[in-house]
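S.K.: The numbering of the sequence shown is the UniProt record's numbering, which starts it at 1 and goes up by one.
Glycine included, C-beta positions come from ideal geometry on N, C-alpha and C.
Here it is, the structure in full.
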Amino acid sequence: MPTATGHKTIYEEALEAGLTRRDFLKLASAITLALGLDLKEMPKVVRAMETKERVPVIWLEFQSCSGCGESFIRSMQPRMEKVLFDLISLEYTELIMAGAGSAAEEHRRKIMAEYPGKYVLVVEGSVSAPEYLFIGGHSAYDILRETAEKAMAVISFGSCSSWGGIPAAKPNPTGAKAVADLVKGKPVIRVPGCPPIAEVMTNTIAHIVVFGQLPELDELGRPKEFFRHRLHDKCQRRAYFDAGLFAETFDDEGARQGYCLYKLGCRGPTTYNACAELRWNGGLSWPVQSGHPCIGCSEPDFWDQGPFYERLAMIPGTQTTVNPEKVGAILTGVVVAGIAAHATATVVLRGRIAKHEKAETAAKEE
Ligand code: SF4
Ligand code: SF4
């Protein structure tokens, strides 16, 4: 039966696209699991898909490298094409839409007029000061304000959109800003990462479609389900950190043994993301598992927190070992809200860092 607005339901569209009832139920079970729900909850997902229409999505791209969109396309669970064709109606996206120019801009405005308060706006990339970036003769700033005004929700996809990212790195020549700094009176969901994990994005959209509401967010506006843990607390190298076993270089015996990458600059102790749990490429691996330290790409201003290959207990650029308590204070200043919420874990970490520093100094003195 059509929805109250006369549009076809997700289920009807799926059948029209050639899916059988069995295919549809398989998709519903995949979405149920992807949402982190028990399969007992699947009837809720089926019911939502049988009664709701696909959610129109407008995807704007501003100061970005398109890496976030590329990451989204590689979503494995639920597969991007399933999200794309069965749950949402991707109406405007510069990366993969066939239309261009004034026809594309007209279509964007048509969707905004037809679905006021019902479409989701996804923004990739940071927003420059009004005098820099123009699309179709309009500034990025004006396009954002116009499109966000009647959106049901705004999703900042990627660190540039969430925090300003690389375009906002010092000296921020274009005056780049995060979307949440410019959109007021509207929920802005931050899905940071450079790029973000595609499954976090597809699951966030799936949540909005199935439950008709935003997922639970943390104090920085990130979906709690995916950003509640520090990578350090879920890392498979953590036992080596606790045992004081570290790789000193990328090709030493410690690296070969899979020791902790903290001394090679790993930002896992101060980074909140789902890399260690969801992993990348369909759960295959993640950077730390593959031997590269986390660079904290999902944290605010990560690009200015380098050099990336120096450990956290050093002031960046000085090669000077400092009191870990002071480093903790610096980090707290950088990611104040996120770290404050996890103060207990940070205090424990400081203690451990101090312990390792002490042991190392003692070893050097011997
Ligand atoms: S410092 Fe990095 S490599 Fe070491 S345990 Fe923490 S997250 Fe894992
Ligand atoms: S491991 Fe760290 S740097 Fe790498 S993607 Fe995850 S949060 Fe970003």
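(1) Just confirm the distance between the C-beta atoms of Q63 and G125, as a whole number of angstroms; I'd bet it's less than 8 Å.
(2) May I ask you to list the residues that DSSP assigns as paired with I61?
(3) Quick check: the Cα distance between R237 and H138, rounded to an integer number of angstroms?
(4) With distances taken from CA atoms, which of I143, S162, E219 is nearest C68?
(5) Classify G328 as helix, strand or coil using the three-state DSSP reduction.
(6) Quick check on P43: does DSSP put it in helix, strand or coil?
(7) Just jot down, in chain order, the residues whose CB lies closer than 7 Å to any heavy atom of ligand 1.
(8) According to DSSP, is S139 helix, strand or coil?
(9) On a Cα-Cα basis, can you pick out the residue from V123, T32, H292, G165 that is closest to A176?
(10) With DSSP collapsed to three states, give me the class of E219.
(11) Considering L182, what are the terminal residues of the alpha helix (DSSP H) in which it resides?
(12) Rounding to the nearest angstrom, what Cα-Cα distance links V188 and A178 in this structure?
(13) Using the rule of at least 16 other Cβ atoms within 10 Å of the residue's Cβ for burial, across every protein chain shown, is A17 buried or exposed?
(14) Using the rule of at least 16 other Cβ atoms within 10 Å of the residue's Cβ for burial, across every protein chain shown, is E114 buried or exposed?
(15) Closest by CA to R222, which one among P192, I208, I205, F246?
(16) Between the C-alpha atoms of S66 and L95, what's the straight-line distance to the nearest angstrom?
(17) Would you check if the stretch 190-205 and the stretch 266-280 touch, i.e. whether three or more CB-CB distances between them fall below 8 Å?
(18) Check each candidate in L284, F241, A247 and name the one with the smallest Cα separation from residue 400.
(19) Among all the DSSP beta bridges, which residues are the ones paired with F157?
(20) By the 10 Å Cβ neighbour count, where 16 or more other Cβ atoms means buried, how is P167 classified, buried or exposed?
(21) I need the straight-line Cα distance from E160 to K52, nearest angstrom please.
(22) By how many angstroms is the C-alpha of R145 removed from the C-alpha of L182?
(23) Quick one: residues in its chain with C-beta nearer than 7 Å to the C-beta of M152, no 5 flanking neighbours on either side, listed in chain order?
(24) Taking all protein chains shown into account, do 16 or more other C-beta atoms lie within 10 angstroms of the C-beta of N273, making it buried, or fewer, making it exposed?
(25) Could you work out which residue in D233, E225, R47 is closest to I10 when comparing CA atoms only?
(26) From L87 to A148, what does the alpha carbon distance come to, in whole angstroms?
(27) Is the Cβ-Cβ distance between G265 and E310 less than 8 Å?
(28) In this structure, how does DSSP classify L264 when only helix, strand and coil are distinguished?
(29) Here's the rule I'm using: 16 or more other beta-carbon atoms within 10 Å means buried, otherwise exposed. How should T204 be labelled?
(30) Taking the alpha helix (DSSP H) that Y272 falls in, what are its first and last residues?
(31) Within the same chain, show all residues whose beta-carbon is closer than 6 Å to that of G136, passing over the 5 residues directly before and after it, in chain order.
(32) Can you give the beta carbon distance from R267 to L220, rounded, assuming they're within the 8 Å contact cut?
(33) How big is the Cα-Cα spacing for M314 and P307?
M.R.: This is what the structure holds:
(1) Here the question's residue 63 lines up with position 63 in the sequence shown. Here the question's residue 125 lines up with position 125 in the sequence shown. Confirmed, Cβ separation roughly 4 Å.
(2) Within the sequence shown, the letter at position 61 stands for residue 61. The sequence shown places Glu at residue 61, rather than the Ile named in the question. Paired residue(s): E124.
(3) Counted from its first residue, the sequence shown places residue 237 at position 237. Counted from its first residue, the sequence shown places residue 138 at position 138. Roughly 49 Å between the two C-alpha positions.
(4) The residue you call residue 68 lines up with position 68 of the sequence shown. Out of I143, S162, E219, S162 has the C-alpha closest to the C-alpha of C68.
(5) On the sequence shown, position 328 is the one that residue 328 refers to. At G328 the pLDDT is 37, less than 50, meaning the model places this residue with poor confidence; the figure from the coordinates comes in the next sentence. DSSP places G328 in helix when its eight states are reduced to three.
(6) The sequence position of residue 43 within the sequence shown is 43, counting from 1. It is helical.
(7) L231, H232, C235, R237, R238, Y240, F241, C260, L261, Y262, C266, G268, P269, V288, P293, C294
(8) As a working mapping, residue 139 is identified with position 139 in the sequence shown. Strand.
(9) Numbered from its first residue, the sequence shown carries residue 176 at position 176. For A176, the nearest C-alpha among the options comes from G165.
(10) Position 219 of the sequence shown, counting from 1, holds the residue named residue 219. Reduced to three states, the DSSP call for E219 is coil.
(11) Here residue 182 corresponds to residue number 182 of the sequence shown, with the count starting at 1. L182 -> alpha helix (DSSP H) spans 179-182.
(12) On the sequence shown, position 188 is the one that residue 188 refers to. On the sequence shown, position 178 is the one that residue 178 refers to. Answer to the nearest angstrom: the Cα atoms are 10 Å apart.
(13) Position 17 of the sequence shown, counted from the start, is the residue given in the question as residue 17. That one is exposed.
(14) Against the sequence shown, residue 114 aligns to sequence position 114. Burial call: exposed.
(15) Locating residue 222 in the sequence shown gives position 222, where the first residue counts as 1. With distances taken between Cα atoms, R222 lies closest to P192.
(16) By 1-based counting over the sequence shown, the position of residue 66 is 66. By 1-based counting over the sequence shown, the position of residue 95 is 95. For S66 and L95, the distance between alpha carbons rounds to 7 Å.
(17) yes
(18) Nothing can be reported for residue 400, as the shown portion of the chain is limited to 1 through 366.
(19) For the purposes of this step, residue 157 is taken as residue 157 along the sequence shown, with counting starting at 1. Its beta-bridge partners are E124, V191.
(20) Stepping through the sequence shown from its first residue, residue 167 is reached at position 167. Classification of P167: buried, given that the 10 Å Cβ count is 16 or more.
(21) As a working mapping, residue 160 is identified with position 160 in the sequence shown. As a working mapping, residue 52 is identified with position 52 in the sequence shown. According to the sequence shown, residue 160 is Cys rather than Glu. Using only the alpha carbons, I get a separation of about 32 Å.
(22) What you label residue 182 is simply residue 182 of the sequence shown in a count that begins at 1. What you label residue 145 is simply residue 145 of the sequence shown in a count that begins at 1. C-alpha separation (whole angstroms): 8 Å.
(23) Numbered from its first residue, the sequence shown carries residue 152 at position 152. Same-chain partners within the cutoff: G117, K118, Y119, V120.
(24) By one-based count along the sequence shown, residue 273 stands at place 273. Buried, by the Cβ-count rule.
(25) In the sequence shown, the residue the question calls residue 10 occupies position 10. Nearest option by C-alpha distance: R47.
(26) Indexing the sequence shown from 1 puts residue 87 at position 87. Indexing the sequence shown from 1 puts residue 148 at position 148. Approximately 21 Å, taken between the alpha carbons.
(27) Looking up residue 265 in the sequence shown gives position 265. Looking up residue 310 in the sequence shown gives position 310. Their beta carbons are under 8 Å apart, which means G265 touches E310 by this criterion.
(28) One-based indexing of the sequence shown puts residue 264 at position 264. In this structure, L264 counts as helix in the three-state DSSP scheme.
(29) Position 204 of the sequence shown, counted from the start, is the residue given in the question as residue 204. Buried, because 16 or more other Cβ atoms sit within 10 Å of the Cβ of T204.
(30) Mapped onto the sequence shown, residue 272 falls at position 272. Note, Y272: premise wrong, no alpha helix (DSSP H); not H, not E.
(31) If you number the sequence shown from 1, residue 136 lands on position 136. So the qualifying residues of the chain are E105.
(32) Here residue 267 refers to the residue found at position 267 when the sequence shown is read from its first residue. Here residue 220 refers to the residue found at position 220 when the sequence shown is read from its first residue. At roughly 16 Å, the Cβ-Cβ gap does not stay under 8 Å, so R267 and L220 are not in contact.
(33) As a position in the sequence shown, residue 314 is number 314, starting the count at 1. As a position in the sequence shown, residue 307 is number 307, starting the count at 1. Residue placement at M314 cannot be trusted, given a pLDDT of 47 that sits under 50; what the coordinates show is reported in the next sentence. Going by the C-alpha atoms only, they are around 10 Å apart.
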